[in-house]
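Visitor:
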Amino acid sequence: MTPTEQELFRVLVGFASLRPVNSLKWPAYSSIQNIHHFLLHSVLLNPHFSSYPPSTEYQRNFWKWAIENLETAQRELRPEAGQCLSVSSSKVLRTVLGAASNFRTVGAFQHASVDLLDIHPGLPFGHQPPSDSYVTHYWQSIPREVLGLPSSNVFDLSQYTTATLLESRRTVESGTTGLRTWRASFVLAHYLAENPDLIKNRRVLELGSGIGFLGIVVASLQLQHTKSSSRNDVGGLYLTDVNEEVLSRCKNNLILPCNFSSTHPNIHVQELDWFASLHCNQSVALASHLEHELRPDIILGADILLPKVFDPSLIPALVGVLKIALGKENTGGNGQRCAFIALTLRNQVTVEAFLTHVQDANLGITEVSSGVEYPLMSRAFPDEDVVNLFKITTKQ
Ligand SMILES: C[S@@+](CC[C@H](N)C(=O)[O-])C[C@H]1O[C@@H](n2cnc3c(N)ncnc32)[C@H](O)[C@@H]1O
44 MTPTEQELFR VLVGFASLRP VNSLKWPAYS SIQNIHHFLL HSVLLNPHFS
94 SYPPSTEYQR NFWKWAIENL ETAQRELRPE AGQCLSVSSS KVLRTVLGAA
144 SNFRTVGAFQ HASVDLLDIH PGLPFGHQPP SDSYVTHYWQ SIPREVLGLP
194 SSNVFDLSQY TTATLLESRR TVESGTTGLR TWRASFVLAH YLAENPDLIK
244 NRRVLELGSG IGFLGIVVAS LQLQHTKSSS RNDVGGLYLT DVNEEVLSRC
294 KNNLILPCNF SSTHPNIHVQ ELDWFASLHC NQSVALASHL EHELRPDIIL
344 GADILLPKVF DPSLIPALVG VLKIALGKEN TGGNGQRCAF IALTLRNQVT
394 VEAFLTHVQD ANLGITEVSS GVEYPLMSRA FPDEDVVNLF KITTKQ
């Protein structure tokens with residue numbers, strides 16, 4: 044891995060995951076020619092982004108940022124170098140912009156139709172709410188260090204798996220927080236990528252799955268860790284949520300052809316409302332469904348205490364489902380049924396109330412790790428947000 048490759052890869056990861064442009068680092072070690080080549084071939088002409096483009100607003104901001112930085116880099120270089128650049132700034136810009144406008148006519152970027160040629164500093168962006176966007180996250184299923192291999196060319200994209208989702212760019216949309224991916228999902232995904240035995244060939248239930256990021260990662264891991272000859276034993280994945288629109292978006296994301304999950308033979312997306320655990324008849328039906336149909340070996344949940352409006356009975360409802368889903372048995376060892384719940388520590392009172400309810404329900408809870416961040420998995424949230432990961436089991 045050279046610093047040049049690493050810094051370009053970080054720009055690519057940032058573009059793919061819509062990192063705010065003011066948090067992107069302009070490549071300092073690369074020549075203008077290299078940056079130009081990278082922007083043209085790895086970003087603008089990248090077929091993945093033609094099929095799954097970031098939102099129009101984001102692309103406008105990104106290209107404005109890129110062009111302004113190219114201009115600055117050239118202005119700063121000319122007097123110091125005292126030589127002519129082999130590729131002049133205007134030529135670089137013409138090439139990039141020309142390629143973009145050609146794209147429009149040949150149909151790529153048809154979803155975004157970015158009018159790049161109209162970009163100029165001071166244009167008022169962002170007057171409308173941000174539109175839905177494809178977001179692509181790059182991640183490594185088995186980090187090279189874990190395999191004992193030297194870290195190598197970080198810019199070799201074949202070393203990365205991607206998870207692509209159509210998601211909202213708003214915190215709350217259509218009355219739900221479930222239409223975008225939340226930070227705790229990245230932490231839990233990281234943990235599972237490092238501990239694939241937890242989900243390999245096992246039946247996985249996710250509570251409050253949202254639009255499916257964790258589901259796509261788990262499905263990819265299950266497939267990657269199963270020999271193609273034994274695909275039938277790949278395990279099962281049950282993604283559940285309460286919101287119809289969220290469930291529908293989740294289904295659509297899972298079957299995007301660019302995601303491994305589209306080839307998983309045993310994924311189910313279905314409604315499961317935790318409040319059923321608080322009502323007598325419904326909780327009997329829920330217990331039967333969990334025990335006889337889903338039969339989960341492992342239960343997952345990420346940032347599931349962040350509804351649009353917090354209802355204090357949400358915690359007992361969630362703990363009620365966990366209690367039922369974990370069942371009475373605790374076989375111990377690797378076959379132990381357990382839950383992993385990742386929560387962003389935004390509200391200490393809520394997290395403490397959750398811990399108290401779990402203990403009152405006579406469940407065991409341990410903190411597995413805190414503040415984990417998968418280095419190259421995109422970070423859509425401020426770095427200060429700490430995520431706590433809890434393992435919950437029935438008591439022996
Ligand atoms: C903040 S989002 C987290 C989504 C996803 N786990 C993530 O990390 O990106 C919370 C999710 O919990 C779901 N949820 C809220 N109340 C629920 C309930 N009573 N039963 C099931 N799911 C619920 C919401 O619909 C939403 O998808």
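Position one of the sequence shown corresponds to residue 44 (this note's numbering), numbered consecutively onward.
Positions of the beta carbon are idealized from the N, C-alpha and C atoms, including for glycine.
All values reported here derive from a predicted model rather than from experimental measurement.
Note down, one range per segment and in chain order, each alpha helix (DSSP H) of at least 4 residues found wholly within the region 301-367.
Guide: Those alpha helix (DSSP H) runs which fall completely within the region 301-367 and span 4+ residues are 323-331.
Visitor: Regarding Pro350 and ligand 2, is the C-beta to nearest heavy atom distance less than 7 Å?
Guide: In the structure on display, ligand 2 does not appear, and the ligands it does have are ligand 1.
Visitor: Taking contact to mean 3 or more Cβ pairs, one atom from each stretch, closer than 8 Å, check whether the region 308-319 and the region 284-299 are in contact.
Guide: The region 308-319, when compared against the region 284-299, does touch it at the 8 Å Cβ threshold.
Visitor: For ligand 1, I want to know if Thr437 counts as a neighbour, meaning its beta carbon is within less than 7 Å of at least one of the ligand's heavy atoms.
Guide: Sequence index remark: in the sequence shown, residue 437 carries index 394 (1-based). Flag unset: Cβ of Thr437 not near ligand 1.
Visitor: Would you call the region 238-247 and the region 357-364 touching, i.e. three or more CB-CB distances under 8 Å?
Guide: Touching, no, given that fewer than three Cβ pairs across the two stretches are closer than 8 Å.
Visitor: Buried or exposed: Ser291, going by 16 or more other Cβ atoms within 10 Å of its Cβ?
Guide: Here residue 291 refers to the residue found at position 248 of the sequence shown. The residue is exposed, with fewer than 16 neighbouring Cβ atoms inside 10 Å.
Visitor: Let me check one thing: in DSSP terms, what residues is Glu114 bridge-paired to?
Guide: To locate residue 114, count along the sequence shown from 1; it is residue 71. Answer is none; Glu114 lacks a bridge partner.
Visitor: By Cβ distance, which residues of its chain are closer than 6 Å to Leu369, with the 5 residues on each side in sequence left out?
Guide: Taking the first residue of the sequence shown as 1, we reach residue 369 at position 326. Only Arg380 and Thr437 meet the Cβ criterion.
Visitor: May I have the straight-line CA-CA distance separating Val429 from Asp346, to the nearest angstrom?
Guide: Residue numbering aside, residue 429 sits at position 386 when the sequence shown is read from its first letter. Residue numbering aside, residue 346 sits at position 303 when the sequence shown is read from its first letter. Those two C-alpha atoms are separated by around 12 Å.
Visitor: Buried or exposed: where does Asn390 fall if 16 or more other Cβ atoms within 10 Å of its Cβ makes it buried?
Guide: Position 347 of the sequence shown holds residue 390. When all chains shown are included, Asn390 counts as exposed.
Visitor: For ligand 1, I want to know if Ala368 counts as a neighbour, meaning its beta carbon is within less than 7 Å of at least one of the ligand's heavy atoms.
Guide: Within the sequence shown, numbered from 1, the residue matching residue 368 stands at position 325. Not so, every heavy atom of ligand 1 lies at least 7 Å from the Cβ.
Visitor: Would you check if the distance between the CB atom of Ile367 and the CB atom of Leu398 is smaller than 8 Å?
Guide: Taking the sequence shown and counting its residues from 1, one reaches residue 367 at position 324. Taking the sequence shown and counting its residues from 1, one reaches residue 398 at position 355. No; because the gap between Cβ atoms is not below 8 Å, this pair is not in contact.
Visitor: With Ala463 and Ala385 assumed to form a contact (beta carbons below 8 Å), what rounded beta-carbon distance in angstroms separates them?
Guide: It is not possible to answer for residue 463, since the shown part of the chain is limited to 44 through 439.
Visitor: Quick check: what's the CA-CA separation for Val64 versus Thr220?
Guide: Here residue 64 is taken as the residue at index 21 of the sequence shown, counted from 1. Here residue 220 is taken as the residue at index 177 of the sequence shown, counted from 1. Taking the straight line from one Cα to the other gives about 24 Å.
Visitor: Could you tell me the boundaries of the alpha helix (DSSP H) in which Ile259 lies?
Guide: Within the sequence shown, numbered from 1, the residue matching residue 259 stands at position 216. Phe256 to Gln267 is the extent of the alpha helix (DSSP H) around Ile259.
Visitor: In whole angstroms, what is the alpha-carbon distance linking Leu406 and Ala382?
Guide: For the purposes of this step, residue 406 is taken as residue 363 along the sequence shown, with counting starting at 1. For the purposes of this step, residue 382 is taken as residue 339 along the sequence shown, with counting starting at 1. Straight-line Cα distance between these residues: approximately 11 Å.
Visitor: Alpha carbon to alpha carbon, how far is Glu216 from Val411? Give it in angstroms, no decimals.
Guide: As a first step, residue 411 must be located in the sequence shown, where it is residue number 368. As a first step, residue 216 must be located in the sequence shown, where it is residue number 173. C-alpha separation (whole angstroms): 32 Å.
Visitor: Check for me: the alpha helix (DSSP H) holding Gly279 runs from which residue to which?
Guide: Locating residue 279 in the sequence shown gives position 236, where the first residue counts as 1. It is not in any alpha helix (DSSP H) - Gly279 instead sits in the beta strand (DSSP E) that spans Gly279 to Asp284.
Visitor: Please classify Gln402 as buried or exposed, where buried requires at least 16 neighbouring CB atoms within 10 angstroms.
Guide: The count along the sequence shown starts at 1 and reaches residue 402 at position 359. Answer is exposed; the Cβ neighbour count stays below 16.
Visitor: May I ask you to check if the CB of Ala360 is nearer than 7 Å to at least one heavy atom of ligand 1?
Guide: As a first step, residue 360 must be located in the sequence shown, where it is residue number 317. Ala360: yes, Cβ under 7 Å from ligand 1.
Visitor: Give the C-beta separation of Leu55 and Ser85 to the nearest angstrom, bearing in mind that I take them to be a contact with Cβ-Cβ under 8 Å.
Guide: Taking the sequence shown and counting its residues from 1, the one referred to as residue 55 is at position 12. Taking the sequence shown and counting its residues from 1, the one referred to as residue 85 is at position 42. Between Ser85 and Leu55 the Cβ distance is about 6 Å, and since that is below 8 Å, they are a contact.
Visitor: Does the beta-carbon distance from Ala59 to Tyr181 come in below 8 Å?
Guide: Numbered from 1 along the sequence shown, position 16 holds the residue referred to as residue 59. Numbered from 1 along the sequence shown, position 138 holds the residue referred to as residue 181. Taking 8 Å as the Cβ cut-off, Ala59 and Tyr181 qualify as a contacting pair.
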